[in-house]
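Trainee:
There are 4 protein chains.
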Amino acid sequence: MCLQAFADRDINLSKIESRPRPEAPWEYLFYIDVDGSLDAPEVQEALDRVRPLTNRLKVLGTYPRRAGDDIAPTPAVDAPAPAAIPTEKPAPAAACPATPRNPQLKNVNPRPDGARTTVNVGRASIGPESFTLIAGPCAVESRHQIFEAAAMVKDHGAVILRGGAFKPRSSVYAFQGLGHEGVQLLCEAGHAYELPVVTEVVRPEDVGEVALHADMLQIGARSMQNFGLLTRVGQTDRPVLLKRGLSATIDELLSAAEYIMAAGNHRVVLCERGIRTFETATRNTLDVSAVPVLKERTHLPVIVDPSHAAGRTELVLPLALAAAAVGADGLIVEAHPNPENALCDKDQALAPDDLARLVARLRPIVAARAETD
Amino acid sequence: MCLQAFADRDINLSKIESRPRPEAPWEYLFYIDVDGSLDAPEVQEALDRVRPLTNRLKVLGTYPRRAGDDIAPTPAVDAPAPAAIPTEKPAPAAACPATPRNPQLKNVNPRPDGARTTVNVGRASIGPESFTLIAGPCAVESRHQIFEAAAMVKDHGAVILRGGAFKPRSSVYAFQGLGHEGVQLLCEAGHAYELPVVTEVVRPEDVGEVALHADMLQIGARSMQNFGLLTRVGQTDRPVLLKRGLSATIDELLSAAEYIMAAGNHRVVLCERGIRTFETATRNTLDVSAVPVLKERTHLPVIVDPSHAAGRTELVLPLALAAAAVGADGLIVEAHPNPENALCDKDQALAPDDLARLVARLRPIVAARAETD
Amino acid sequence: MCLQAFADRDINLSKIESRPRPEAPWEYLFYIDVDGSLDAPEVQEALDRVRPLTNRLKVLGTYPRRAGDDIAPTPAVDAPAPAAIPTEKPAPAAACPATPRNPQLKNVNPRPDGARTTVNVGRASIGPESFTLIAGPCAVESRHQIFEAAAMVKDHGAVILRGGAFKPRSSVYAFQGLGHEGVQLLCEAGHAYELPVVTEVVRPEDVGEVALHADMLQIGARSMQNFGLLTRVGQTDRPVLLKRGLSATIDELLSAAEYIMAAGNHRVVLCERGIRTFETATRNTLDVSAVPVLKERTHLPVIVDPSHAAGRTELVLPLALAAAAVGADGLIVEAHPNPENALCDKDQALAPDDLARLVARLRPIVAARAETD
Amino acid sequence: MCLQAFADRDINLSKIESRPRPEAPWEYLFYIDVDGSLDAPEVQEALDRVRPLTNRLKVLGTYPRRAGDDIAPTPAVDAPAPAAIPTEKPAPAAACPATPRNPQLKNVNPRPDGARTTVNVGRASIGPESFTLIAGPCAVESRHQIFEAAAMVKDHGAVILRGGAFKPRSSVYAFQGLGHEGVQLLCEAGHAYELPVVTEVVRPEDVGEVALHADMLQIGARSMQNFGLLTRVGQTDRPVLLKRGLSATIDELLSAAEYIMAAGNHRVVLCERGIRTFETATRNTLDVSAVPVLKERTHLPVIVDPSHAAGRTELVLPLALAAAAVGADGLIVEAHPNPENALCDKDQALAPDDLARLVARLRPIVAARAETD
Ligand SMILES: C=C(OP(=O)(O)O)C(=O)O
Ligand SMILES: C=C(OP(=O)(O)O)C(=O)O
Ligand SMILES: C=C(OP(=O)(O)O)C(=O)O
Ligand SMILES: C=C(OP(=O)(O)O)C(=O)O
Ligand SMILES: [Mn+2]
Ligand SMILES: [Mn+2]
Ligand SMILES: [Mn+2]
Ligand SMILES: [Mn+2]
């Protein structure tokens, strides 16, 4: 909403940073770099529009663009966006010079200065400056269901809406999702509730159409080494949520990300979602260690999906807390207005109350991280 | 060559069965059902042509086609074949009435009478009546290489030539195969040496073109749950070699086969190729148990790839012997005229000598099976 | 020290509870039930002795013992203690009536009223009321080393000192620990720094002697199904730290605990320390899900060992935070005054600075839990 | 029986070799080196006694002992034998000079000349010269049961009788075996049917007593890293059957063998019995690759237990065939006169008919190996 004020006036926002306010978790400070003189009337006008929507607005100063910077704004949700590159913080983290650089992972490797990438998804962003909550049903089931779901997740502070329209199901006879119509419904719900949306693509031939509408493309665990699909999403300008395969090593996950980046799309978010082990008490075994290991080996943001690891609603909350504590940049969780009626993964869906509890319990953990990082 | 004699005269061979001769392993008895009267001149002519090429030829008798039989000949290598159904033995094996039938696997489930399926691949076949050796390089590298490889594998008794043209590589910067040109070279080598060919497909959009040329389509381990690809190969009439995923359960492999069959293509061969475990002494852990378990749960043929399990040339031989003993219907092995120059998987390639030794050692094991089955 | 004041006067402390002070993590409120009248002179005398050692002392009231209560005091560190039963909170948590009760786990199963057990270890305790930090070197190496280690861990707020004297090493030629002499040194360091100690036992024949001195007996991952050893420690009155085997299921861990309890010793603490999977980026894969699953299936306390999961110092901190967030009742970490000289597991040892950072980072996570539980 | 003739006369048999007769599998040629002159009357007398018990007896010649040979006879079943070293073939196999020698495995490493070890167990032996079948019930249940079992396994050609008296059970409430009385019954049955016996030990304190009676000591999968137990059996002169742990790497298995050998007992036989993976269709996943890998890394014999891998009777046969084909030196299988009444592991027990079929199917595989090795 804020950003619209600038967009309407054709002012480039060359950098958007958000910082959680330590004293008030889940409220954020936004740092925005504006292309243009502070004195320009359209800039002043935009700032005036934004002021009432925020708690505090402060202009920190002006400085000329650095040469070589080609940082572009995140594409607006509904605009067919030009190739965009994620906003990067100049040098927030300590450099890690000792990490051996793997030439096979040239785009994925840590940056020499240790800077971590933030990937913008519509008006949300995923990166070191915030803890991003993505929530929504496993599958889009109907207009009614996805609108209810969108309302519910918005209410509880999620900033991106998830919902599968192309479901990769082990059985050919299981519900396979609503396809492009599902994507359509998801996007409508996202618009209505001002939530950017993420949805899975499974066939290369669907990617073009889905990328026209959805804000972020999800590559599922079963597709992590579907190299044709990786290359195809790498040819779009949409951010990509890349899930770790059920038995993929961390290095293979990084190699999969390199496929996407080598095709030109640098807006990749990695996601740990549980690996396959001998233990049957959980659907998969959440490998929380993957988060710090990935942070050593790449500059890309890392989030966690506790839902597909847990497989049971009651376990989603503790795993989510573990993920927040271990340093994930956010979470993607399955939430459904009515879990008992869910067509897919109902045993692991969070009901509205569960989601409320999750957010309440996450808040102090996230604040704790912010305090001490 | 034999079959050509019938094809030239437009005589339908409605069933081709081969039986290993127990006293002389790797020699086979062929049982051929001919559509037509024994008295017809073109049938006599064909039989005359065949006689000198075989050691023994015996007409076992004539009988009218049973109603309901819609068994069709295997499509010739280079003909755009009509939808074909694998030749089935009437009732060779004991029925297994107790096996619970999974409605999600209706095409894959064991047949009520326990009959096992034979899948014809060009003039070769894979099923309970024979032990089929597929061999060739990991990747097609050049015309010279694939012709040398074809000569080598033909020499040592392999009946299908393998060679990858679309290689799914963990790293985007690794050799990815020669693509459609590689398929072309593979097919030329196959024709030259009268070997049907199998090659991997990885993207749905390539399937149509590859299916025009190759005799069998391979679905790699990393694609076992690429459901779009499964459906796509299910829409062709080519036999499909479906490999088990690195961490796929046996039931998930069967569910993947059901995807192909549900799309209309019943000519599916399953392949165990090693699963991912904690053990690092081998590239993967060959799960030989999968063979008897699969035989309980499906009528489809099951072969084993010892090469990708072993990861090292020296281990391919013992694993191949284990696979033969455990009841596999055949093997697919990587063999290269010049392993040290291989562009892909060189550490596990069999050199000509290794292949010779493999065949020599397999012979008595296969004979032993035949004696006691 | 506090408790000594009561012990000196032969006053039974029938219950000791500690609560973290939410506003000041790592400070605790102690609730002590005293056997005897508040007016008795020896009780008054004892309270007078204790007062200056605490920040606040408040007598909450007096009440008669409930019938059927046979809760005994935790054995003092150096007294050959009679059979003791862990102090239990009357009914702190919600009952979980729905959990199916496994008759094979009759001692381990959740209590009907959902109460969780606290296990006292010398003057420390492990249970739902506190977050207990156990730290110390992998192995006791010398008097100097273990005293330095004890000073270091005491300094940073650990309340139990660990140190292995009998080391189960994969190689017979690796350093196997100092044996009973190592236990002796560990106990001396523990006394000097007023830290109860935990040390591993590996052979049944050593248990009696070690139990005379150490405050807690550790059963290592490799011994989790050493049933003779389980029974032997079950015959002592020492609390037992039972580690999950490298490839033990959660149910097998519970069954192992039942062995100890069936032998008469109910003071068992379970420990998740990483399981073996295909991933090689970490020494083991920490299964954080085990914590909430165990809490559903047993009333016993559950702690986490992030060190043996991580295998590398840098990963210990994030895994420790995850463990705290997921609901563990405490941690056991390897810390060494001089990691580069450690004789065992040096790559995963925390140096003094690392331990300081760990505690600083844990504090707000633990506080966050306390706020919202 | 044959050997008794020499023992009665105090004649040392310095080498005993058996060779399967290729034309008649499961019959063997015995090559015996006799200490002493062929002309000595006691030698002639012994040969006369043996003649009628064999099909053919041929004296191949006489030669003086080589210097440095300290090969001792296998201890007789019931004699408290002095430290004995397994009979070794002079140089049957090709040397493997390239294998890197691990100093941590100095006793376990391949011999410089590539010679493989044969371990004698009573009158049976395990090594490259034969394929040894060990069979019997999971547990000794009663005198009647174990005598029936002994009769059954003898009948079908097994040469060593197995039976557990100390059962390591996940649940403390499950049948734990008959203990020393079970060992006694097993030995009586073994004597009655002239079968040496193998039985598991689980506690160091039982080893001495069991070693007095049993011919071979089994270390179970759960005890593979019970280092105290390994050392204890290493102090006896009984051959040891060392099973691979459920999630032990091949290298850890070798390190465990080194513990036994370092304690002085060189008569170790390794056993692959299935590892723990994600696949649930079998109790464990039989890692047949372990056999050739072990043969590269050690001179010790390697056998396979298909029963504990399979978990179901129907799968034992195919896994046994795979083990024979992959190069195992023998098998240990669970067989019970009455599987439905078995107190332990009944689902995987072979009934008499199953055992007959197993042996019939193994015969040609073993013969095939002999032909081509
Ligand atoms: C199928 C999903 O996840 P995954 O690919 O991780 O299994 C999903 O997010 O709904
Ligand atoms: C890549 C191959 O195999 P898999 O898919 O089993 O890894 C191959 O056959 O070359
Ligand atoms: C050996 C140890 O741990 P584990 O048994 O978990 O490997 C240890 O605590 O030092
Ligand atoms: C328990 C047994 O085997 P394992 O130790 O391999 O599980 C057994 O042989 O009965
Ligand atoms: Mn889902
Ligand atoms: Mn390959
Ligand atoms: Mn350690
Ligand atoms: Mn058993």
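So the protein sequences, as listed, match chains P, S, B and D. Position one of the first sequence corresponds to residue -16 (our numbering), numbered consecutively onward. Position one of the second sequence corresponds to residue -16 (our numbering), numbered consecutively onward. Position one of the third sequence corresponds to residue -16 (our numbering), numbered consecutively onward. Position one of the fourth sequence corresponds to residue -16 (our numbering), numbered consecutively onward. Beta carbons: idealized from backbone N, C-alpha and C, even for Gly.
List the residues of chain D that R259 (chain P) touches, going by C-beta distances under 8 Å, in chain order.
Mentor: Going along chain D in sequence order, the residues near R259 (chain P) (Cβ under 8 Å) are F261.
Trainee: Roughly how many angstroms separate the alpha carbons of S125 (chain B) and G147 (chain B), rounded to a whole number?
Mentor: Taking the straight line joining both Cα atoms gives about 12 Å.
Trainee: Tell me which same chain residues have a C-beta within less than 6 Å of the C-beta of S272 (chain P), skipping the five on either side of it?
Mentor: Nothing meets the Cβ criterion.
Trainee: Please confirm whether S272 (chain S) has its beta-carbon closer than 8 Å to some beta-carbon of chain P.
Mentor: No - not a single Cβ of chain P is within 8 Å of the one on S272 (chain S).
Trainee: Tell me which same chain residues have a C-beta within less than 6 Å of the C-beta of L212 (chain B), skipping the five on either side of it?
Mentor: Answer for L212 (chain B): P187, S206, listed in chain order.
Trainee: Say whether the stretch 149 to 159 of chain P touches the stretch 167 to 176 of chain P, bearing in mind that this needs 3 or more beta-carbon pairs closer than 8 Å, one atom from each stretch.
Mentor: They do not touch, by the three-pair rule.
Trainee: For V185 (chain P), name the three-state secondary structure that DSSP assigns.
Mentor: If DSSP states are grouped into helix, strand and coil, V185 (chain P) belongs with coil.
Trainee: Name the one or two DSSP bridge partners that G147 (chain P) has.
Mentor: For G147 (chain P), which the question treats as bridged, DSSP gives the partners P:A122.
Trainee: May I ask you to check if the CB of K137 (chain B) is nearer than 7 Å to at least one heavy atom of ligand 4?
Mentor: It does not: the Cβ of K137 (chain B) is nowhere closer than 7 Å to a heavy atom of ligand 4.
Trainee: Can you pull the chain D neighbours of S206 (chain B), defined as C-beta to C-beta under 9 Å?
Mentor: Chain D residues near S206 (chain B): Q208, N209.
Trainee: My guess is that A308 (chain S) and I243 (chain S) are in contact by the Cβ rule of under 8 Å, so how many angstroms apart are they, rounded?
Mentor: No, A308 (chain S) and I243 (chain S) are not in contact; Cβ-Cβ is about 28 Å, not under 8 Å.
Trainee: When you check each C-beta in the stretch 245 to 257 of chain S against every C-beta of chain C, which residues fall closer than 9 Å?
Mentor: Looking at the structure shown, chain C is missing, and the protein chains on hand are P, S, B and D.
Trainee: Quick check: the Cα distance between A134 (chain D) and E241 (chain S), rounded to an integer number of angstroms?
Mentor: In a straight line, the C-alpha of A134 (chain D) is about 48 Å away from that of E241 (chain S).
Trainee: Taking the alpha carbon of L116 (chain B) as the point to measure from, which residue in B:N92, B:H291, B:D312, B:E235 has its own alpha carbon closest?
Mentor: Minimum Cα distance to L116 (chain B) is reached at B:D312.
Trainee: Please tell me whether, using a cut-off of 7 Å, the distance from the CB of P289 (chain P) to the nearest non-hydrogen atom of ligand 1 is below it.
Mentor: No - ligand 1 has no heavy atom lying nearer than 7 Å to the Cβ of P289 (chain P).
Trainee: Sorted by chain position, which residues of the same chain lie with C-beta nearer than 7 Å to A107 (chain D)'s C-beta, five sequence neighbours on each side aside?
Mentor: Here the set comprises T115, V142, I143, P179.
Trainee: State the CB to CB distance for the pair V251 (chain P) and V223 (chain P), rounded to an integer number of angstroms; the pair is presumed to be in contact (CB under 8 Å).
Mentor: With a Cβ gap of about 5 Å, V251 (chain P) and V223 (chain P) count as contacting.
Trainee: Would you say K226 (chain S) and R256 (chain S) are within 8 Å of each other, going by their C-beta atoms?
Mentor: A contact, by the Cβ cut-off of 8 Å.
Trainee: Rounded to whole angstroms, what's the CA-CA distance from V166 (chain B) to E297 (chain B)? Just pull it up for me.
Mentor: Straight-line Cα distance between these residues: approximately 29 Å.
Trainee: Any beta-carbon of chain S closer than 8 Å to the one on L269 (chain D)?
Mentor: So, interface residue.
Trainee: Run through DSSP, which three-state label would A351 (chain S) get?
Mentor: Three-state DSSP puts A351 (chain S) in a helix.
Trainee: Taking all protein chains shown into account, do 16 or more other C-beta atoms lie within 10 angstroms of the C-beta of T263 (chain S), making it buried, or fewer, making it exposed?
Mentor: T263 (chain S) comes out exposed.
Trainee: How should E317 (chain B) be labelled, buried or exposed, when 16 other C-beta atoms within 10 angstroms of its C-beta is the threshold for buried?
Mentor: So E317 (chain B) ends up on the buried side.
Trainee: I need the boundaries of the beta strand (DSSP E) containing K226 (chain D), first residue and last residue.
Mentor: K226 (chain D) -> beta strand (DSSP E) spans 223 to 226.
Trainee: Going by the DSSP bridge assignment, what does V287 (chain S) pair with across the sheet?
Mentor: In DSSP, V287 (chain S) forms a bridge with S:E255, S:L314.
Trainee: Would you mind reading off the limits of the alpha helix (DSSP H) that contains V274 (chain B)?
Mentor: Start and end: 273 to 280.
Trainee: Can you have a look at F158 (chain B) and say buried or exposed, based on whether 16 or more other CB atoms are within 10 angstroms of its CB?
Mentor: Classification of F158 (chain B): exposed, given that the 10 Å Cβ count is below 16.
Trainee: Please tell me whether R106 (chain B) has its Cβ less than 8 Å away from any Cβ of chain D.
Mentor: Cβ-Cβ to chain D under 8 Å: no for R106 (chain B).
Trainee: Using the C-alpha atoms, what's the distance from A350 (chain D) back to P80 (chain D)?
Mentor: Bear in mind that a pLDDT of 43 at P80 (chain D), under 50, signals an unreliable position, so the model cannot answer this.
Trainee: Taking 8 Å as the CB-CB limit, is I348 (chain P) close to chain B?
Mentor: Yes, I348 (chain P) lies at the interface with chain B (some Cβ there is under 8 Å from its Cβ).
Trainee: Under 8 Å, Cβ to Cβ, is there at least one residue of chain S near T232 (chain D)?
Mentor: Yes, because at least one Cβ of chain S sits closer than 8 Å to the Cβ of T232 (chain D).
Trainee: Please report the straight-line C-alpha distance between V299 (chain S) and R99 (chain P), rounded to a whole angstrom.
Mentor: Roughly 45 Å separates the two Cα atoms.
Trainee: Could you check what DSSP says for Q218 (chain D) in three-state terms: helix, strand or coil?
Mentor: Three-state result, Q218 (chain D): coil.
Trainee: Would you please verify whether the beta carbon of V276 (chain S) is less than 8 Å from any beta carbon of chain D?
Mentor: Chain D, which has a Cβ nearer than 8 Å to the Cβ of V276 (chain S), makes this yes.
Trainee: Just tell me which of S:V285, S:E235, S:D328 has its CA closest to the CA of N85 (chain S).
Mentor: Of S:V285, S:E235, S:D328, the residue nearest in Cα terms is S:E235.
Trainee: Classify D337 (chain P) as helix, strand or coil using the three-state DSSP reduction.
Mentor: If DSSP states are grouped into helix, strand and coil, D337 (chain P) belongs with the helices.
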